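Input: a single structure, listed below in structure tokens.
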Amino acid sequence: MSASETSKHYELFIGGKEVASSAGEKITLLNPATNEPLATATLGGREDARHAIEVAEQAFRSSGWADADGAHRARVLFKLGQLLTERAEEFSRLETLNQGKPLRESKADVLFAARTLEYMAGLADKVQGDAIPVPGERLDYTVREPIGVTLHIAPWNYPLQLSVRSLAPALAAGNTAVLKPATLTPLTALAFARLAKEAGLPDGVLNVVIAPGREVGESMVQDPRVASVSFTGSSEVGKRIMELASKNVVPVTLELGGKSPNVVFADADLDRAARGVLYGIFLNAGQMCWAGSRLIVQRSVQETFLAKLTELARKLKLGPGSEPGVEMGPLVSKDQMDRVLGYVEKGRSEGAKLVTGGSRATSARLDKGNFVEPTIFSETKPDMTIAREEIFGPVLTTFAFDSFEQAMELANDTTYGLFSGVWTKDLTTAHKAARNIQAGMVSVNEYPVTFPQTPFGGYKQSGIGLEQGVHALDFYTRTKNVNVFFGAPRKK
Ligand code: NAD
């Protein structure tokens, strides 16, 4: 993958090769830092999606991947992880040009994906059942089998990392896959599929269809040959996916939105906390499901803490993600920028106090791109729109509390429950908060943080099921119980 590759045309990837769309449609991908054309890509239609699912089904039956020794699958996935690590620079560059985030963030995403492949490779030969004691002369045991064609629908905020997050366990367990990346950011997913072939993944085991969500994605979810759906995206679309998957009684994992609290107690290391809160909302220009978008700070330190945070936010270097030293890139598209600025306007009109930011970032360098200033609101009330809805941009809301109970009430006052942060030096406060917060993940004195070996999943409307960790594999296998009677034949 060279710089010139970003000005080329990309096709779908089905059956181990590049394939043109049957409908002949094309999209132009833009660099979000300039809104200039970056590359063109084929846009698949329903026929292409059907074809990809058919190829994946054939590969499940006849490529040998499902029946292979787990150790073989482990070697291929491990090699894929190694190849990805070797090419981390190229992949990061492509991700940054297509999605906008700073290069060092793209690199961290690529390395996380590589590490996920290695981790899941290590589990590929450990998919095993149980022997279960039952009465009489019988042997009862379970086997865990791969489920078939797994469908993966990915969003645009971590295009490669979130695709690999669900693909790695699915492939480790012996399934085949069809990936539908977001149409805005398909480039690293396509490059990844080519790399998988190079690592030895049989043709047809991993297929990538670039296609619009509503028209084509919905038909994929409803295809009777699809055995599971792994969806990462908005809660609104997640609900629709669940409804559609129910028609064929197909299991889903839903990794959805968030409005995560970052709770700062007065005894915390405030300098460390300020950096954590800063990264928690301004990394990836705030386009994170796990963004710590609600700062909940003890009233006695609110003023000092906001002063530290504001100083850091104002110093953040904005610019194209591909430039060295840039700390915050553009939003992924002009639509996303307008949406975020709409929320900022709403915050102002509903009476929140703007502490810093609040506008499109302009300068000769930034004018053409989708840049929004790091924005902090204080005096936010729990019923304001900016306090309740996921903004998915660099906009922080702030609430003050006086007691532990009030902090927990504010933290849990949301329909979401994905990530959460707690900042304190007191062990009791930390563990009590971890017990009380209704979220799938709690992080103490660090934000945001996750590892391929730790579970990632949401409570409430943030989702169903877990990605990452050993349990992620469970979703991609089904359990069969076998009972064998070996007693004496019944007397007549
Ligand atoms: P989105 O829901 O609009 O789209 C996600 C994917 O679903 C895309 O590939 C899209 O093409 C597809 N899609 C859209 N409508 C569809 C439909 N009707 N049927 C089938 N597929 C459809 O989300 P987005 O804007 O790409 O991403 C942002 C959202 O994703 C945010 O809400 C964010 O919180 C969430 N997210 C969650 C996690 C997590 O792990 N919990 C991670 C990243 C992003």
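Going letter by letter, the sequence shown gives residues 24 to 515 in our numbering. Backbone N, C-alpha and C define an ideal beta-carbon position, used for all residues, glycine too. All of these numbers come straight from a predicted model, not from anything done at the bench.
Candidates the options: closest to residue i by CA position
{"i": "Pro347", "options": "Ala46, Gly38 and Thr119", "result": "Thr119"}
{"i": "Ala384", "options": "Glu373, Glu396 and Leu377", "result": "Glu396"}
{"i": "Gln245", "options": "Ile76, Gly488 and Thr473", "result": "Ile76"}
{"i": "Leu341", "options": "Lys40, Leu306 and Lys455", "result": "Leu306"}
{"i": "Gly444", "options": "Ala462, Glu432 and Asp294", "result": "Ala462"}
{"i": "Leu213", "options": "Thr65, Gly197 and Lys270", "result": "Thr65"}
{"i": "Gly261", "options": "Ser283, Asn271, Gly236 and Phe508", "result": "Gly236"}
{"i": "Val349", "options": "Thr477, Val272, Arg188 and Phe394", "result": "Phe394"}
{"i": "Val275", "options": "Lys40, Ile170 and Pro225", "result": "Ile170"}
{"i": "Val187", "options": "Asp226, Phe215, Gln476 and Leu162", "result": "Phe215"}
{"i": "Arg84", "options": "Asn198, Ala131, Gly152 and Ala136", "result": "Asn198"}
{"i": "Thr438", "options": "Ser283, Ala219, Asn54 and Val273", "result": "Ser283"}
{"i": "Pro182", "options": "Ala136, Ala434, Arg217 and Ala154", "result": "Ala136"}
{"i": "Ser86", "options": "Trp313, Ala457, Leu224 and Met311", "result": "Leu224"}
{"i": "Ser251", "options": "Tyr302, Cys312, Gly488 and Ser323", "result": "Gly488"}
{"i": "Leu53", "options": "Ser316, Asp226, Ala43 and Pro343", "result": "Pro343"}
{"i": "Gly370", "options": "Arg337, Glu412 and Ser345", "result": "Glu412"}
{"i": "Glu238", "options": "Arg217, Thr206, Ser269 and Leu441", "result": "Thr206"}
{"i": "Lys376", "options": "Glu402, Glu469 and Trp446", "result": "Glu402"}
{"i": "Trp313", "options": "Lys515, Val42, Tyr470 and Ala82", "result": "Tyr470"}
8 Å CB neighbourhood of residue i in its chain, flanking five on each side removed
{"i": "Asp449", "result": "Phe288 and Asp290"}
{"i": "Ala200", "result": "Ala79, Val172, Thr173, Leu174, His175, Leu190, Ala193, Leu194, Val228, Leu229 and Asn230"}
{"i": "Leu496", "result": "Met143, Leu146, Val150, Pro192, Ala195 and Ala196"}
{"i": "Leu335", "result": "Ala297, Arg298 and Leu301"}
In DSSP terms, what residue i is bridged to
{"i": "Glu48", "result": "Leu66"}
{"i": "Gln429", "result": "Per DSSP, none; premise fails for Gln429."}
{"i": "Arg383", "result": "Val395"}
{"i": "Val466", "result": "Sequence inspection shows Ser at residue 466; the Val mentioned does not correspond to that position. Answer is Gly444, bridged to Ser466."}
{"i": "Thr502", "result": "Arg167"}
{"i": "Ser253", "result": "His175 and Thr276"}
{"i": "Ser401", "result": "Lys376"}
{"i": "Arg161", "result": "Phe508"}
{"i": "Leu202", "result": "His175 and Val231"}
{"i": "Thr211", "result": "According to DSSP, which records beta bridges pairwise, Thr211 is partnered with nothing at all."}
{"i": "Gly223", "result": "The partner list for Gly223 (beta bridge, DSSP) is empty, contrary to what the question assumes."}
Rounded straight-line distance, which links the Cα of residue j to that of residue i
{"i": "Leu332", "j": "Thr421", "result": "11 Å"}
{"i": "Met24", "j": "Leu389", "result": "In this prediction, Met24 scores a pLDDT of 48, lower than 50, which makes its location untrustworthy; the coordinate-derived value is nonetheless stated afterwards. For Met24 and Leu389, the distance between alpha carbons rounds to 27 Å."}
{"i": "Thr173", "j": "Asn180", "result": "22 Å"}
{"i": "Val1", "j": "Gln429", "result": "It is not possible to answer for residue 1, since the shown part of the chain is limited to 24 through 515."}
{"i": "Phe424", "j": "Glu432", "result": "10 Å"}
{"i": "Glu34", "j": "Asn285", "result": "42 Å"}
{"i": "Val378", "j": "His95", "result": "56 Å"}
{"i": "Glu128", "j": "Met464", "result": "21 Å"}
{"i": "Glu373", "j": "Ile414", "result": "15 Å"}
{"i": "Val355", "j": "Asn506", "result": "54 Å"}
{"i": "Thr63", "j": "Gln122", "result": "14 Å"}
{"i": "Tyr482", "j": "Thr108", "result": "33 Å"}
{"i": "Thr500", "j": "Asp294", "result": "45 Å"}
{"i": "Ser257", "j": "Arg161", "result": "49 Å"}
{"i": "Gly492", "j": "Ala511", "result": "45 Å"}
{"i": "Thr124", "j": "Asp361", "result": "It is worth fixing the name first, because residue 124 is Lys in this sequence and not Thr. About 18 Å."}
{"i": "Phe101", "j": "Ala219", "result": "11 Å"}
{"i": "Lys457", "j": "Val249", "result": "Rather than Lys, the amino acid found at residue 457 in this sequence is Ala. The alpha-carbon atoms of Ala457 and Val249 are separated by roughly 38 Å."}
{"i": "Gln310", "j": "Asp132", "result": "14 Å"}
{"i": "Pro1", "j": "Leu329", "result": "Outside the modelled stretch of the chain, which goes from 24 to 515, sits residue 1, for which no answer is possible."}
{"i": "Pro405", "j": "Thr139", "result": "37 Å"}
{"i": "Val273", "j": "Arg263", "result": "13 Å"}
{"i": "Leu556", "j": "Ser386", "result": "Residue 556 is absent from the model: the chain starts at 24 and stops at 515."}
{"i": "Gly440", "j": "Phe509", "result": "50 Å"}
Same chain, Cβ closer than 7 Å to residue i, five either side skipped, listed in chain order
{"i": "Val367", "result": "Gly381, Thr398 and Val418"}
{"i": "His74", "result": "Ile37"}
{"i": "Ser45", "result": "Gly68, Glu70 and Asp71"}
{"i": "Gln321", "result": "Val287, Phe288, Ala289 and Phe424"}
{"i": "Leu240", "result": "This sequence places Gly at residue 240; Leu is not what is there. Excluding positions up to five away in sequence, the list reads Ile176, Lys203 and Ala234."}
Close beta carbons around residue i, own chain, < 6 Å, minus the five adjacent residues each side
{"i": "Ala97", "result": "Ala144, Ala147 and Asp148"}
{"i": "Asp92", "result": "none"}
{"i": "Met351", "result": "Phe305, Ala308, Leu339 and Leu341"}
{"i": "Thr502", "result": "Thr165 and Arg167"}
{"i": "Ser253", "result": "His175, Ser189 and Thr276"}
{"i": "Arg110", "result": "none"}
{"i": "Thr255", "result": "Ala177, Pro178, Leu185 and Glu278"}
{"i": "Thr57", "result": "Lys391 and Gly392"}
{"i": "Ala26", "result": "Bear in mind that the predicted position of Ala26 carries a pLDDT of just 48, short of 50, making it too unreliable to give a figure here."}
{"i": "Ala222", "result": "Val99, Lys102, Leu103 and Leu106"}
{"i": "Ile155", "result": "Asp163"}
{"i": "Pro353", "result": "Pro55, Ala56, Gly123, Gly392, Asn393 and Phe394"}
Residue i beta carbon near ligand 3 (any heavy atom closer than 7 Å)
{"i": "Phe415", "result": "The model depicted lacks ligand 3 and carries ligand 1 instead."}
Quiz item: If you scan the stretch 104-151 from start to end, which runs of the alpha helix (DSSP H) of 4 or more residues do you find wholly inside it?
Solution: Here the runs fully enclosed are 111-122 and 126-146.
Quiz item: Which runs of the beta strand (DSSP E) spanning at least 3 residues fall entirely within the stretch 300-362, listed in chain order?
Solution: Taking only runs of at least 3 residues, the beta strand (DSSP E) segments lying wholly in the stretch 300-362 are 317-321.
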